[in-house]
Structures are given as structure tokens and as C-alpha cells.
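First to last, the sequence lines map onto chains Z and E. No gaps in the numbering here: position 202 of the first sequence is 202 in our numbering, and each next residue is one more. No gaps in the numbering here: position 159 of the second sequence is 1159 in our numbering, and each next residue is one more. See below for the structure under consideration.
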Amino acid sequence: MRSCPPRVVFRWACSIAVLLWAAAAPALAQVKLTFDKRPAFKVGNLLTAAIRFKSQVDFRDFPDEPETPSKPVVDLPRTRIGVEGRLIKELEYQIEAELSDASKPWRDIYIQTRSFRVAQVRAGQFKIPFSLEQLTSSMDLDFNYRSLAASFLAPGRDVGFMAFGRTFKDTLRYQVGVFKHGGDNVRESERTDAQADRTYAARLVVRPWNTYDNLFRTLSAGVGFTTGVLPAGPNGVRGKTIPGDTFFQHLFVNGHRRRIGGEFQWRPGPFQLQSEYIEVRDQRFGQGIDNQDLPNAFARGWYVSGMWLLTGGQIRDSIAPDRPFLRGGIGAIEIGVRRERLAAWSPGVNDGSFSSPRAPWVMPRADDVWTAGVNWFWNPFVKLVANVIHERRTEDGRVLVSQGNLWSQVFRVQLGF
Amino acid sequence: MRSCTPPALIAAALVVALCLVAGRPLVAQTPIDSLLDGNSLEDLWVHLNQRDWEDLHTHFQDNTYYPADVEWRGTRVRNAAIRVRGVASRNGHKPSFRLDFNRYVTGQTFFGLDALTLDSSWQDPSMITNRLSMLLFRQMGIAAPRVAHVRLFAGAAREYVGVYAVTEEVVESFLRDRFGEDTGYLYEFNHIENDNWGFQDPGPPLGWYVPRFSPKTHEFDSVANLYMPIRDLVQRINDAPQSDLESRLGGYLDVNAFITQLAIQNFVAQSDGLVGGVGANNFYLYRFAGKNLFALIPWDQGNAFTASDLPPSYDMNTNVLALKIWNEPKYRAQYLATLLQIADLVSTDGFLLAEAQRDYQQIRDAVYADAFSPYTLAQFEEIHATVQEFIRTRPDIVRQYVAAMQ
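If you want it as C-alpha cells, here you go:
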């Protein structure tokens, strides 16, 4: 029997909320409404709730691709509303829904412990702990789009349970979790197929100079790992270009999927240097045309990005300008550049069967991308992002005809609190 | 320019003379001709994963493609794609298939063909009526697909899965072969249930045409580019006076070819073609590159060769253009003359009967061994007797009808 995990989690969360609300009734007299960065209310020491809203509108100019429909100029990638806060001091929760996604609106729905920062636990639907950029909020990205590696190779959200914490004066952070399936970055069939098994994930980040007051205090490096069982079928990872056209398809897979990743981040003053490497290996037992085992399929992605906050100050996860635009200042301006690559292949020799999703030898395909961008933070709520993107797509090391010099421009207006 | 030496000229003349004496065409036979000419019952082996084979039967309503290799006469073409096809005949017991050879490899062909269909003849117990119809179309000069029969084998274990009619699909390779070009606009007509459309003008909105004409080339062109020319054609057909169809439709549709197609379909009593109780059906539309000229290409003419007493005026009122032709004396005369021409073609030397008998002999044993056929062997024998009787009697019946009309 098929289950609907987000719905189950949502019902579960709603039930808890109703119970708590009922328990909070005697304390209603202590309700306090505030509007600092966002609308929020507090019911004594029992409950806090802050409304979150995220909205992004993109104006895009993508190159025309052969045999694909042209993309609309205006796109609304996110319109989300949510609520987050505390329960009885010891618990934190978050609920978020995407308004433009009628079929699967629920994003984060989880509850977690607050105390004992060395060992916290989280349960519900949330992002599987893998990939620094995938775990970064969409409102805090350095560029309009996540890197291709984080977008297509990281697992995304799923229903699960995670232990996490920080220790040794925050020089060591860890996340270890078990999840029902393989995340929402995989095909629907993989999430609902009765054969789909649990996915295990772990992430470890060290900040060796965190306790020192020197240039390297913000330097962090980490590794990540996931493993899970794939159901037989066309469930391999797929890669898309920046405009969203598939450039390597789902391969037929069967066996285990394993991800390994490495990450690096350093924020010396107004600068930021960030990089990630992700590799995915899918097994393909019995997936040949003649039912034979096929060599593992691999996908690999990496990026290196540099940012510079021109208006001074220090780069943080969320940048709030000291002097907001139209209120005596110009806001905050940040510029940056990113170099990235996403590729897929399988080992072996070219036997001519390179393009079918059951091919023994998968021809190496890659998308090499440069992105240059300007971020203009008007205030804590409004951000404008302009990106110019250059792509070059190759197959077996050769540049594909008319795809060696593709330019895209994207301008984003972002509003959130 | 190179000059030819006398010995070379003599040699060339000898070759031409030999060919003429032998009565063979000068055009060389290509390998695919051996598959599609129907001279022998060929074996075709589709290699595909066991799970995909099961999925094709379980999820037969889906148009999901699965990777496959196709082997014929020891040559294995890799990286093809296979899916279930069909509308009313779609089934999970003995599904019909579409083989696409350039879905995974751009430009790949199967001995020159971009795609093939493997028709299980689910609605035709004889399995040969579509082939006979297409043969008549081609004999009468209409661009129509070639059809032959194969014994189909599937999977790594080479399981025999029955007799199939292999048909060259109306795609770019077909266009290149028949029209010498493939850069025009090709559409497959989709019959919509209870629509009964027979070229009547639906009005200006282009959206009406979208679900009915699926583009097979230029799929991502704008709706205006794709459908304005079809709308213009339909409006011209409706506006043209019946007395002057040729000049008013000149540059848009070959009226003579339309009359020929109509006559063939009525001769073979095809009840699901350009005319019929449910409206027009089973055709492709091709607009030549850089022109407004369209060609109608017949498809799936298997619903024929049974009602031998069908009159030549049958259902002409279901199609605007057919009705104009029927109501205008000069075009009606041309239509009736074409019917007589077809009757002569069919009865001359027993041409079509010989084809039907050969087809029967060719597939009989394979059909008897076909565990997936939806028909009993008695039904198979009975329908073949009916088809052969149709071919024997239909020319004279048509001649009598025509004589009564004139």
C-alpha cells in the first residue's frame, strides 16, 4: 500500500499543534504580538510562532535550444509561506508550503529539540543533510540558481529522523540521519516504489580555528555521505542545464546509490570563498538489454565561487544592510563569480551503445558553467539579483554543435521575511 | 566534364539492356526493401530487458519508451527505443509497438528508416488488409507506407511473440523517400470521439486544430506557424465552389490525388478513411517546405475488404470536399473513372488476389504458432476466404455501380 509521507507528517504536526493550542488556552491572556522582522506572537512560555514568507520573481533570457520549447520570460520559482517557532521552550518547529505547487505543496515540516546543542534531534520532513549549498535557504543563495551539482546530485527533502549537534566550542558540527526514501530530488517512482528502502546520511563539518580571533576563524571544511537502495527502473540521477533542459537522462538502475561530498567555505571579512564536490554512484544490476549487469553509473559535480561584499562589513548567511536603500543608504551590494561543472558517465570502453538508458557505456557528458552576478540588498526584506551565465556542453570531450557558447541572463526580484 | 570511352559506353549499354531484358528496375534493391517488399516472411528480434517487456504489457496505455536493440538477418541495430502504440486497438495481450531508431542516437536509422511500427493486427483477423490497401495506393501513385509481415521474437531468450505487420512509419525518412524532402511540416491526424469532422470549417480559432493535428516535425514551432496554413486549407476547401476546385485549391491540395485516394478507399470498402460515419480518419498531412501545398498520406487502412456491396457513393456526404466532388458532374465522372481504373488494376492478371493468396500462405504457419493471437484459427481461415472473395467480386460490383451512375 502506498503511503503519502508529507501528508502523514503534516497531520501529525497539526495534531500536536492543536493539542498544544488547547493546553495554551489558559495562557491566552499572556499573548503578545510583535513585528520585528516578521509577524510573530508569543503565548507565555508555551509557544512562539513567526510567520515566514518567501517570494521570487525571475525575468529570464535563455538561449533557444534545439528540439525544446522556448522558456517563458517571467518565472515564479518560489512563493512560500510558513510558520516557525518554539514549543514549551524545549522544542522548535517549522512548517512551510509552496503555494505554486498544488500537487506537493509541503516543504519543511519538522520538530526538533533545542537544549543540549551537542546532541539535538529532529523528526519530520526536511532536507537530508548533504551538500552545503542544498542546505542553504533559497533566499540566502549567492546566485539566482544553486549550482548544478547541489541542484541535481544532492538528495533534497524526505521524511526522516536526524541527530545533530556541535561540540568542541563549535569547531565540530555533525548531522546523522535516516530517511524513508531517497529525497525529493529523485523521481517520483523511486519515492513511492515499494522496493525503495531507507537512505542513510551523514555530514561532518570542522571549523578548526573557530575559537581563534584570526583570519581563518570562519574557515570550515566538511564531508558528506549518503547511501540507500534504489528500486529497479529508470531512477538514475539526471542532469539539466541552467535553462532546465535535460542533458543526461535517468538511466535504468538497480542496487545501491552512494553519494560522497566535500565542502569548503571561508569568509574573511567582506570576502567569501566557497566550494563543493559531489559524486554519485548508482549500481545497475541486471539492467542491460539482455538482462546483464551493467557498469556503475557515475555523476559528478563541483563548483568554486567567490563573493565580495562591496559595501563593507562581513559576509554572513543572511546579509542585512546597515543603511537600507531609500532610508538614508544604498543598501548592500555584493558581486561574485562561480565556476562549476556537472558531468555523467560510466566506466568502460565505447562499444557503440552510448545513448540509451540501458547502455553499458554511457558517453561522458558535461555542462561547464560560468556565472557572474551582482546582489543588491535593499533592506532585510528585498534583494535584487542579476546573473549572467555562460554554458558550454560537451559529449565525450567534444563540444556539442551550437552548444559551446550559450549565454543566459536572469534578473530576480526577491521579497521575504 | 569527364568523357566516356567507347568501351565504357558499350558496357553501360549492355548493363541497361540486360536489366531491361530481365524486366528488373534499374534502381538497386536496398536491404530494407527485402524486409518491406513482402516477398518473404522475415524474422525480427527485439532485444529488450525482461522487466521492460513486462512493463510494455502491464502499462500498455502509457507511451513510455524503453531501450531496445533490433536484430534482423544477423545485423543488430543498437540504441533503438520501443513503446506501445495504437488507439482503439491498444491492448496489453498482444500490443502493437513503435520502434524509434533515432530517439537515443540522433540521426540513427534502421537501414535508412527512422522508425517502424509493429502492428499486431488486433482488429484484423486476416492481418493482411492494411498491406493490400497500401499496395493499391502505391500502385495508383499515392505516397503510402510499405507493409510486410514478420515473425517477432523478443527478449534475451528470443521468445516467439507472434506475427506482426511491419510498417514503415510516416516520418522524415518516409518523406525523403517519397517526396525528396523532409523539412516541411508533417502532422498526424487524431480522430476525436464523437467529433465526426470531415473538413468542415470550425472557424478562426487555431486552438481547435491543436488536438487534432499533432506535429511530427517542427514540434516546437508556434501555434500560428503550425496551424494557420491548415486553417487556410480548410477554409479554402469550404469556400471553393464545387465547379472550380482545381484552380481554387491549386497550390494547396492536389484535387486529383484526393479523388484517387477517395476512390481507392471506397473500392476496398474502407469505412474509416477520408469518409466514414465517424468523419475523416487515418491520415497524415504533409505541407511541403516553403509552400502552402499539402499532401494527404493514408495510414492504417485495415478496416476494409469485407463489405463487397458497398456503393461508390458511400458516406460521401460526411466530407465537405468529397461531397463537392460527388455533386459536381465533371469531378464525379473523374471519380467514377478512377474507380474503373482501380477495378481493372485489381482484376488484371488477378494481381491483388495473387497478393492476398501469397500473404495467406506466407503467414499461415506462423499464425498457427502464434500463442498471442486474439483470434481462433477458424476465424483466421474464414476471414481470408472473405477477403479473397471480396477481391474476386468487387471489380464487377463496382463496374455495375458505375455503369448505373453513368
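Where a beta carbon is used, it is the ideal one built from N, C-alpha and C, also for glycine. Remember, predicted model here, so these are calculated numbers, not experimental data.
Check: Residues in its own chain within less than 7 Å of Ala1154 of chain E by CB, not counting five upstream and five downstream?; Outcome: Val1046, Leu1048, Trp1053, Val1161
Check: Output the boundary residues of the alpha helix (DSSP H) element that contains Ile30 of chain Z.; Outcome: The sequence given here has Gln at residue 30 of chain Z, not Ile. Run containing Gln30 of chain Z: none; DSSP gives neither H nor E here.
Check: Let me check one thing: in DSSP terms, what residues is Arg166 of chain Z bridge-paired to?; Outcome: Z:Arg173
Check: Tell me whether the beta-carbon of Leu1041 of chain E lies closer than 7 Å to the beta-carbon of Gln1362 of chain E.; Outcome: yes
Check: Identify each residue in the stretch 277-305 of chain Z for which the Cβ-Cβ distance to at least one residue of chain E is less than 9 Å, and report them in chain order.; Outcome: Gly286, Gln287, Gly288, Ile289, Asp290, Asn291, Gln292
Check: With 7 Å as the C-beta to C-beta threshold (strictly closer), list the residues of the stretch 64-95 of chain Z near chain E in chain order.; Outcome: Glu67, Thr68, Pro69
Check: Please report the distance separating the alpha-carbon of Arg1176 of chain E from that of Pro1298 of chain E.; Outcome: 17 Å
Check: Within the same chain, show all residues whose beta-carbon is closer than 6 Å to that of Val1021 of chain E, passing over the 5 residues directly before and after it, in chain order.; Outcome: Any reading at Val1021 of chain E must be qualified, since the residue scores a pLDDT of 40, below 50, and its modelled position is unreliable; no value is offered.
Check: Do three or more CB pairs link the stretch 1203-1212 of chain E to the stretch 1222-1235 of chain E at distances below 8 Å?; Outcome: yes
Check: Which class does Ser402 of chain Z belong to by DSSP, given the choice of helix, strand or coil?; Outcome: coil
Check: Quick one: Cα of Gln1341 of chain E to Cα of Asp1062 of chain E, how far?; Outcome: 43 Å
Check: Check whether the stretch 1090-1098 of chain E and the stretch 1107-1120 of chain E touch, using three or more Cβ-Cβ pairs below 8 Å as the test.; Outcome: yes
Check: Could you tell me the boundaries of the beta strand (DSSP E) in which Tyr303 of chain Z lies?; Outcome: 294-309
Check: By alpha-carbon positions, which one of E:Ile1128, E:Ile1397, E:Pro1215 ends up nearest to Glu1381 of chain E?; Outcome: E:Ile1128
Check: Quickly, what does DSSP pair Tyr1185 of chain E with across the bridge? List them, please.; Outcome: E:Arg1287
Check: Expressed to the nearest angstrom, what Euclidean distance is found between the alpha-carbon atoms of Tyr1360 of chain E and Glu1172 of chain E?; Outcome: 32 Å
Check: Any idea what DSSP makes of Thr371 of chain Z, helix, strand or coil?; Outcome: strand
Check: The ligand ATP and Pro1298 of chain E: does any heavy atom of the ligand fall closer than 6 Å to the residue's C-beta?; Outcome: Of the ligands one can find in the structure shown there are none, so the ligand ATP has no counterpart to examine.
Check: In the DSSP output, what is Ile335 of chain Z paired with across the bridge?; Outcome: Z:Trp308, Z:Val374
Check: On the CB-based measure, 16 or more other CB atoms within 10 Å of its CB, does Asn1319 of chain E come out buried or exposed?; Outcome: buried
Check: Identify the contact partners of Pro364 of chain Z in chain E, using a Cβ-Cβ distance below 7 Å as the criterion.; Outcome: Here the premise fails: no neighbours, minimum Cβ distance about 16 Å.
Check: Taking the alpha carbon of Asn1196 of chain E as the point to measure from, which residue in E:Leu1136, E:Pro1215, E:Gly1276, E:Trp1208 has its own alpha carbon closest?; Outcome: E:Gly1276
Check: Can you pull the chain Z residues whose beta carbon is under 8 Å from the beta carbon of Val1255 of chain E, in chain order?; Outcome: Within 8 Å Cβ-Cβ: nothing; Val1255 of chain E doesn't reach chain Z, min ~35 Å.
Check: In the stretch 1149-1174 of chain E, which residues sit with their C-beta less than 7 Å from some C-beta in chain Z, listed in chain order?; Outcome: Ala1156
Check: Counting only runs of 4+ residues fully inside the stretch 1225-1310 of chain E, write out the alpha helix (DSSP H) ranges in chain order.; Outcome: 1245-1249, 1255-1267
Check: Can you tell me where the beta strand (DSSP E) holding Pro231 of chain Z begins and where it ends?; Outcome: 220-233
Check: Taking Cβ to Cβ, would you say Val304 of chain Z is nearer than 7 Å to Arg339 of chain Z?; Outcome: yes
Check: Taking Leu219 of chain Z as the reference, give the member of Z:Ser275, Z:Phe252, Z:Ala40, Z:Ser151 with the closest Cα.; Outcome: Z:Ser275
Check: Val83 of chain Z and Ile51 of chain Z: beta carbons closer than 7 Å?; Outcome: yes
Check: How would you write the range of the beta strand (DSSP E) that Gln125 of chain Z sits in, first residue to last?; Outcome: 120-127
Check: Is Arg429 of chain Z buried or exposed, if buried means 16 or more other CB atoms sit within 10 Å of its CB?; Outcome: Nothing in the structure corresponds to residue 429 of chain Z, since chain Z is present only between 1 and 417.
Check: For Phe164 of chain Z, which of Z:Ile88, Z:Thr171, Z:Val118, Z:Asp64 has the nearest alpha-carbon?; Outcome: Z:Val118
Check: Could you check which residue in E:Pro1031, E:Leu1285, E:Gln1139 has the C-alpha nearest to that of Leu1113 of chain E?; Outcome: E:Pro1031
Check: Hey, out of Z:Met363, Z:Pro39, Z:Gln403, whose CA is closest to His390 of chain Z's CA?; Outcome: Z:Gln403
Check: Mind checking which residues open and close the beta strand (DSSP E) that includes Arg259 of chain Z?; Outcome: 253-266
Check: My guess is that Ala1416 of chain E and Phe1305 of chain E are in contact by the Cβ rule of under 8 Å, so how many angstroms apart are they, rounded?; Outcome: The structure shown has nothing for residue 1416 of chain E, since chain E only spans 1001 to 1406.
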